[in-house]
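**Student:** Have a look at this one before I ask anything.
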Amino acid sequence: MREYPVLCQVPGCGAAARHKIAARWSDGFTHEFKTYALTCAACLAAEFARAAEKQRACRLALGETLAPVEVFGR
Ligand SMILES: [Zn+2]
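Structure representation (structure tokens):
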């Protein structure tokens, strides 16, 4: 695995991203992660709240499931 610097996605932040905010998505056949944001520790809480809000607004098609938003370290 190659390591490369990933920056926090919050505009104007520019710190190294340490966390991935994502949710497990499935349509019953394939499973994947729906990534909402990559953030540094300082922006994590605010971006997590935004991701949870985005998820609530997201409509799922029949057969699709979306698990609650989770935080993954990197
Ligand atoms: Zn940040």
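Count the sequence shown with my numbering and you get residues 1137 to 1210, in order.
Ideal Cβ placement from N, Cα and C applies to all residues, glycine included.
Source: prediction; values computed, not measured.
Would you kindly work out how many angstroms separate the C-alpha atoms of A1182 and R1154, rounded to a whole number?
**Tutor:** 14 angstroms
**Student:** From L1196 to C1144, what distance separates their C-alpha atoms?
**Tutor:** Whole-angstrom Cα-Cα distance: 28 angstroms.
**Student:** Once DSSP output is grouped into helix, strand and coil, what is the label at F1165?
**Tutor:** coil
**Student:** Quick one: does the C-beta of V1207 sit closer than 7 angstroms to a heavy atom of ligand 1?
**Tutor:** no
**Student:** Could you check if T1171 belongs to the surroundings of ligand 1, using beta carbon to heavy atom distance under 7 angstroms?
**Tutor:** no
**Student:** To the nearest angstrom, how far is it from the Cα of A1158 to the Cα of P1204?
**Tutor:** 9 angstroms
**Student:** Using a Cβ-based criterion (distance less than 7 angstroms to any ligand heavy atom), does A1181 qualify as near ligand 1?
**Tutor:** no
**Student:** I'd like the ranges of any alpha helix (DSSP H) spanning at least 4 consecutive residues and lying wholly in the segment 1139-1199.
**Tutor:** Runs of the alpha helix (DSSP H) inside the segment 1139-1199: 1180-1193.
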